[in-house]
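J.: I have a structure I would like to understand better, so I am pasting it below and will then ask my questions one at a time.
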Amino acid sequence: MPSFSLSRLALTLLLGISPFSSVALTHNVQISANVPEGASEFVDRSFTGFAFEQSSFYNYSFDAEGNPNEFSQNLVNAVLTRTGGTPLLRVGGTSGDHGRYDPSHEKATNFPATKYGPKTKISGDRLVLGPSYFQAFKNWPGAKFELMVPFYNTTFSRTIAWAQKGVEQIGINNLYALELGNEPTFYPWFSITEYVKRFKNLQGNLIDAIPALADKRIFQAFDTASYAAANLKTKPAFEDGLNAIAPSIKQVAYHYYQNQHGVANFATFQQYMRHTSTKSNLTNFLPNMNYLKQNHPAIGFAFTETGYSVGGKGDKEHVIRTNNFASALWSLDFQLCAMSMGVSRINWQQIVRSDLQMWKPVKTSLGAPRVTAHFYSQPFVADFIGKSGKTRVMELDIGMPQNGLYAGYAAYDNGKLARVALLNLELWDPQRSSGDRPSAKFSLAGLKNAGSKVTVHHLNADDGALAQQGMTYAGLEWTWASRGKQKKVKDDNKVLDIVAGKVNVVVKATQAVLLEIQ
Ligand SMILES: *[C@@H]1O[C@H](CO)[C@@H](O)[C@H](O)[C@H]1NC(C)=O
Ligand SMILES: *[C@@H]1O[C@H](CO)[C@@H](O)[C@H](O)[C@H]1NC(C)=O
Ligand SMILES: *[C@@H]1O[C@H](CO)[C@@H](O)[C@H](O)[C@H]1NC(C)=O
């Protein structure tokens with residue numbers, strides 16, 4: 001069967017049509033009604049976090065009139081009210097790590113966020129933050145912060161002043177973690193031994209200057225760049241000296257971008273979307289996670305700066321903007337897969353001048369405020385987690401074909417099967433294929449003791465993979481027009497009966513569904 005399906009994909013790509021579009025492939029999925037062996041631990045209700053590049057945070061926090069940015073607030077709340085978790089906002093990145101705090105700087109920042117996009121090295125203007133910048137931490141009711149302070153520069157004095165101002169404005173109780181630096185493997189001085197030595201040294205200086213940091217599990221380590229994970233692993237860094245300060249470390253962080261340069265064509269895009277790509281990429285982190293689980297179970301493992309693609313826009317003939325409905329589905333699969341593998345939480349990156357953010361917060365020279373496709377993964381992930389704080393997740397064996405185009409996950413809430421997510425990651429674009437949108441049928445069995453009905457919520461865009469508008473989740477939409485408040489725009493939920501422990505669910509190409517079992 002895999003070859004059947006691969007050749008169908010190949011034909012689809014070659015001819016630009018879906019030759020078997022009316023034939024739904026059937027996946028027979030056996031689901032355990034009770035928590036199976038291998039399920040995750042309880043998923044944090046704050047799993048779905050957000051991240052803000054330091055140079056962009058002010059514009060995410062204040063609107064154009066200088067008032068708290070309600071659009072941003074509403075979007076964050078739209079996600080976190082679904083789980084009841086605390087919004088965890090990471091404010092960090094290269095711009096800040098190469099920058100400095102200057103108490104005499106009058107403006108919030110020395111250049112507008114529109115000036116620079118994602119960067120791993122700064123040449124030219126370095127970010128300067130003035131005291132008024134820190135007002136931006138006041139506009140997020142109920143949130144806690146992962147605050148990065150610079151580590152790139154080996155002169156610590158300005159870092160200490162930055163941390164003091166930050167902790168004063170945020171308040172020690174709302175400081176989730178203090179992060180030392182960003183993507184250290186890019187530092188000119190980097191080696192694991194130097195990193196550990198300097199980390200301990202800066203940490204000691206910070207604790208001396210800010211006694212509230214003492215004797216607390218409040219520091220965030222690593223923030224290793226995506227694609228550099230092999231250069232800073234948990235085991236050698238802890239054995240080289242972090243073990244001595246392990247009780248002060250709240251979480252170890254890595255950054256993650258599925259793709260580095262954008263995608264040039266549809267075949268490559270499909271390759272990046274495949275569940276098998278995502279799963280094997282995440283599997284690379286398992287030794288780092290397992291080391292912590294076995295040696296320091298109280299230290300979390302988080303992806304604190306995450307996105308589909310960083311840099312690049314594809315080739316000239318087929319420029320595929322990679323913030324579209326398909327990459328939103330990737331974001332969904334990535335998050336569900338990560339939680340099933342034991343990742344503690346994920347912060348999704350926001351940069352004003354980029355193509356990777358979940359929303360553009362204010363009108364700038366780069367355009368009007370808007371919600372981007374990627375946002376649509378978040379309410380789905382949050383609903384999948386639910387509100388109990390007692391949800392454990394297991395990836396489903398979705399049966400044939402094993403070509404990586406399909407994925408499924410079960411959520412066990414308080415020990416009982418409560419929700420199922422099914423994803424069809426086959427890319428479908430009406431401009432590239434004629435005929436009906438292909439679909440896959442999932443025949444779910446084993447639900448006898450789970451309930452009598454399922455409600456099916458669709459994550460969909462009628463325009464398919466490349467859609468940047470017209471996305472809905474459970475018939476809901478989030479837009480600038482509604483200032484980020486959810487609005488019901490259609491009723492495409494379905495209720496299906498469970499008969500003899502079975503139910504059949506059809507998921508179209510480039511679509512995902514969340515099943516709630518009643
Ligand atoms: C964006 O933030 C900068 C400070 O970084 C501020 O000067 C500017 O007015 C903000 N722009 C808008 C449109 O609010
Ligand atoms: C580090 O900070 C010091 C003091 O602010 C400054 O003089 C120096 O130029 C900085 N070095 C780098 C590499 O940014
Ligand atoms: C993820 O998978 C794709 C496809 O195999 C690969 O090109 C990419 O480098 C991987 N990304 C990461 C961060 O491992």
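Residue numbers (full-length UniProt numbering): 1 to 518.
Glycine residues also receive a C-beta, built at the ideal position from the N, C-alpha and C atoms.
#1: Mind pulling the beta strand (DSSP E) runs of 3 or more residues that sit fully within the segment 415 to 443?
#2: Would you mind stating whether T86 and G171 have Cβ atoms separated by less than 9 Å?
#3: Are three or more beta carbon pairs between the segment 89 to 102 and the segment 387 to 397 nearer than 8 Å?
#4: Is there a C-beta anywhere in chain B that falls below 9 Å from the one on L80?
#5: Helix, strand or coil for K144, going by three-state DSSP, please let me know.
#6: Would you mind reading off the limits of the beta strand (DSSP E) that contains R392?
#7: Return the CA-CA distance between V420 and T510, expressed in angstroms with no decimal places.
#8: Around the C-beta of W140, are 16 or more other C-beta atoms found within 10 angstroms, so that it is buried, or is it exposed?
#9: What residues in its chain sit with their C-beta under 6 Å from that of G314, if we drop five residues either side in the sequence?
#10: Measure the alpha-carbon distance for L466 versus W359 and round it to whole angstroms.
#11: What three-state label does DSSP hand K316 in the structure shown?
#12: What are the uninterrupted segments assigned as beta strand (DSSP E) that are 3 or more residues long and contained completely in the segment 70 to 157, given in chain order?
#13: Just mark A230 as buried or exposed, buried being the case when its beta carbon has 16 or more other beta carbons within 10 Å.
#14: Mark K197 as exposed unless 16 or more other C-beta atoms lie within 10 angstroms of its C-beta, in which case mark it buried.
#15: With DSSP as the reference, label M289 as helix, strand or coil.
#16: Just how far apart, CA to CA, sit residue 519 and K387?
#17: Between the alpha carbons of L175 and N290, how many angstroms are there, rounded?
#18: Going along the chain, which residues of its own chain have a beta-carbon closer than 8 Å to the beta-carbon of A500, five neighbours each way excluded?
#19: Going by DSSP, name the residue or residues bridged to S61.
#20: In three-state DSSP terms, what is W162?
#21: Mind reading off the beta-carbon distance from L422 to V513? Whole number of angstroms is fine, and I expect it under 8 Å.
#22: What does the shell around ligand 1 hold, if a residue joins when its beta-carbon is under 5 Å from any heavy atom?
#23: Specify the secondary structure class of E516 as computed by DSSP and reduced to three states.
#24: Does A510 come out as helix, strand or coil in the three-state DSSP assignment?
#25: Out of L242, K216, R100, state which residue places its alpha-carbon closest to the alpha-carbon of F199.
#26: For K490, count the other beta carbons within 10 Å of its own beta carbon; 16 or more makes it buried, fewer makes it exposed. Which is it?
#27: Measuring straight from C-alpha to C-alpha, what distance separates N281 and S104?
#28: Using the rule of at least 16 other Cβ atoms within 10 Å of the residue's Cβ for burial, across every protein chain shown, is D497 buried or exposed?
#29: Can you look up S309 in the DSSP assignment and give me helix, strand or coil?
#30: Between the segment 209 to 221 and the segment 245 to 254, can you find at least three pairs of beta-carbon atoms closer than 8 Å?
#31: Compute the Euclidean distance between the alpha carbons of A228 and E183, then round it to the nearest angstrom.
#32: Measuring only from the beta carbon, is Y152 closer than 8 Å to any heavy atom that is part of ligand 2?
#33: What's the call for H318, buried or exposed, on a 16-neighbour Cβ count within 10 Å?
#34: For the beta strand (DSSP E) holding A51, just list the boundary residues, first then last.
#35: Going by the C-beta, is R198 closer than 8 Å to any heavy atom of ligand 2?
#36: Measuring straight from C-alpha to C-alpha, what distance separates T341 and D215?
T.: Well, looking at it:
#1: 416 to 424
#2: no
#3: no
#4: Absence of chain B from the displayed structure is noted, only one protein chain being present.
#5: strand
#6: 391 to 395
#7: 17 Å
#8: buried
#9: Residue placement at G314 cannot be trusted, given a pLDDT of 43 that sits under 50; what the coordinates show is reported in the next sentence. Only G262, V263, A264, I320 meet the Cβ criterion.
#10: 17 Å
#11: Confidence in K316 is poor, its pLDDT being 45 and thus under 50, which makes the residue's placement too unreliable to answer from.
#12: 88 to 92, 144 to 149
#13: exposed
#14: exposed
#15: helix
#16: Residue coverage of the chain in this structure runs from 1 to 518, which leaves residue 519 outside it and unanswerable.
#17: 27 Å
#18: K448
#19: According to DSSP, which records beta bridges pairwise, S61 is partnered with nothing at all.
#20: helix
#21: 5 Å
#22: Y58, N59, A64, A108, T109, V362
#23: strand
#24: Per the sequence shown, residue 510 should be read as Thr rather than Ala. In the structure shown, T510 sits in coil (DSSP, three-state: anything other than H, G, I, E or B).
#25: L242
#26: exposed
#27: 45 Å
#28: exposed
#29: strand
#30: yes
#31: 8 Å
#32: yes
#33: Reliability fails at H318, whose pLDDT of 45 lies under 50, so the model's placement of it is uncertain and the value that follows must be treated cautiously. With fewer than 16 Cβ atoms within 10 Å of its Cβ, H318 is classed as exposed.
#34: 48 to 53
#35: no
#36: Going by the sequence as given, residue 341 is Met instead of Thr. Answer to the nearest angstrom: the Cα atoms are 30 Å apart.
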